[in-house]
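Q:
Numbering (our numbering), first residue to last: 1 to 280.
Below, the structure is given as structure tokens:
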């Protein structure tokens with residue numbers, strides 16, 4: 001197209017301007033329904049794993065439940081999509097007994113390759129249709145192993161303030177060696193002279209039990225220890241701390257975990273816009 005425009009300009013002296021093509025609006029696909037439901041009949045993906053990891057040789061199924069008092073006849077259509085493979089589909093007609101739940105096994109030939117799969121489930125009963133979505137990873141979990149010598153460290157940072165209990169298990173399944181955690185000063189020391197280490201102790205144990213070492217990110221200021229002017233609209237916990245309180249916090253933290261934490265990171269990206277203090 002560009003070559004044709006240049007040639008036309010050279011031969012005629014006229015400049016051709018192509019009108020931009022109108023972009024078609026793409027309909028957003030709703031992947032949120034996890035259960036297809038028509039009356040008392042339901043259909044959902046079942047992997048048998050809390051994080052939907054399916055190891056080679058394991059079966060993935062569609063669980064169909066019938067909460068009604070009568071047997072139900074249904075048509076089930078599934079489409080499996082994966083980045084590394086073409087979409088594959090399969091259909092079946094099933095009878096679900098009243099008050100029962102049955103499992104329909106998805107043919108393993110549809111997810112022969114390793115990878116992440118998205119499953120579209122369409123349930124049809126008496127001409128009515130309902131759609132649900134599911135996903136799973138067909139893989140062999142790495143599991144964290146003890147690091148040897150000067151091997152490369154494979155680490156992640158959750159970036160989650162809540163520190164959910166299941167994150168340590170997920171990290172272990174991915175073969176993570178190190179996890180960066182913020183012990184949260186304002187959570188441990190809500191006011192001067194009081195210390196509550198419960199949350200961070202639980203996090204340390206959850207990771208250590210799975211062979212994962214923790215790197216501490218010391219970032220954020222307890223609200224009661226914040227000083228100096230601040231910028232409107234920026235979080236107050238990013239204000240500079242009182243140095244005496246900061247020193248007390250770091251001393252207590254280091255004494256408690258000095259034999260369990262090898263790497264320490266002091267503050268996180270302090271030069272970015274969310275830092276609520278001055279250059280000095």
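All C-beta atoms in this analysis are idealised placements derived from N, C-alpha and C, irrespective of residue type, glycine included.
(1) Would you call residue 70 buried or exposed, if buried means 16 or more other Cβ atoms sit within 10 Å of its Cβ?
(2) Considering just the uninterrupted stretch of the beta strand (DSSP E) at residue 178, what are its terminal residues?
(3) To the nearest angstrom, how far is it from the Cα of residue 189 to the Cα of residue 219?
(4) Here's the rule: buried if 16 or more other CB atoms are within 10 angstroms of the residue's CB, otherwise exposed. What is residue 161?
(5) Please work out which residues of its chain come closer than 8 Å, Cβ to Cβ, to residue 228, disregarding the five sequence neighbours upstream and downstream, and give them in chain order.
(6) With a floor of 4 residues, list each alpha helix (DSSP H) that falls wholly inside the region 179-210, ordered by position along the chain.
(7) Hey, could you find the ends of the alpha helix (DSSP H) residue 168 is sitting in?
(8) If you run the structure through DSSP and keep just helix, strand and coil, what is residue 222?
(9) Determine the direct distance from the alpha carbon of residue 251 to that of residue 137, and round the result to whole angstroms.
(10) For residue 17, does the count of other Cβ atoms within 10 angstroms reach 16, so buried, or fall short, so exposed?
(11) When the Cα atoms are used, what is the spatial distance from residue 225 to residue 246?
(12) Go ahead and pull the three-state DSSP assignment for residue 235.
(13) Roughly how many whole angstroms lie between the Cα atoms of residue 62 and residue 235?
(14) Quick check for students: name the residue ranges of the beta strand (DSSP E) that lie wholly in the region 41-128, counting only runs of 3 or more.
(15) Near residue 52, which residues of its chain fall below 6 Å by C-beta distance, leaving aside the five closest residues on each side in sequence?
(16) On the DSSP letters alone, give me the boundaries of the beta strand (DSSP E) that residue 37 sits inside.
(17) Please report the residue range of the alpha helix (DSSP H) in which residue 267 lies.
(18) From which residue to which residue does the alpha helix (DSSP H) around residue 278 run?
(19) Would the beta-carbon of residue 213 fall within 8 Å of that of residue 178?
(20) Please list the terminal residues of the continuous alpha helix (DSSP H) segment that includes residue 260.
(21) In whole angstroms, what separates the C-alpha of residue 96 from that of residue 60?
(22) Does the separation of the CB atoms of residue 66 and residue 41 fall below 8 Å?
(23) For residue 44 and residue 128, I'd like the C-alpha separation in whole angstroms.
(24) Taking buried to mean at least 16 other C-beta atoms within 10 Å of its own C-beta, is residue 126 buried or exposed?
(25) For residue 172, does the count of other Cβ atoms within 10 angstroms reach 16, so buried, or fall short, so exposed?
(26) Among residues of its own chain, excluding the 5 on either side of residue 265, which ones have a beta-carbon nearer than 6 Å to its beta-carbon?
(27) Keeping to the same chain, check which residues put their C-beta closer than 6 Å to that of residue 180; ignore five residues upstream and five downstream.
(28) Could you tell me the alpha carbon to alpha carbon distance between residue 207 and residue 194, rounded to whole angstroms?
(29) Assuming contact is defined by CB atoms lying nearer than 8 Å, are residue 140 and residue 56 in contact in what I supplied?
A: In short:
(1) exposed
(2) 178-181
(3) 14 Å
(4) Unreliable placement is indicated for residue 161, whose pLDDT of 48 sits below 50; the coordinate value is still reported in the next sentence. With fewer than 16 other Cβ atoms within 10 Å, it is exposed.
(5) 239, 240, 277, 278
(6) 185-188, 198-208
(7) For residue 168, the uninterrupted alpha helix (DSSP H) segment begins and ends at 166-173.
(8) Reduced to three states, the DSSP call for residue 222 is coil.
(9) 43 Å
(10) Only weak support is given to the placement of residue 17: the predicted model assigns it a pLDDT of 43, under 50, and the question is left unresolved by the model.
(11) 8 Å
(12) Reduced to three states, the DSSP call for residue 235 is coil.
(13) 46 Å
(14) 41-46, 61-66, 72-82, 85-96, 101-105, 115-125
(15) 136
(16) Residue range 36-38 is occupied by the beta strand (DSSP E) that includes residue 37.
(17) It is not in any alpha helix (DSSP H) - residue 267 carries neither H nor E in the DSSP assignment.
(18) From DSSP, residue 278 is part of no alpha helix (DSSP H); its letter is neither H nor E.
(19) Taking 8 Å as the Cβ cut-off, residue 213 and residue 178 qualify as a contacting pair.
(20) No alpha helix (DSSP H) holds residue 260; DSSP gives it neither H nor E.
(21) Cα-Cα distance, rounded: 18 Å.
(22) yes
(23) 17 Å
(24) Label assigned to residue 126: exposed.
(25) buried
(26) 217
(27) 157, 215, 217
(28) Rounded to whole angstroms, residue 207 to residue 194 spans 26 Å at the Cα level.
(29) Between residue 140 and residue 56, the CB-CB gap stays under 8 Å.
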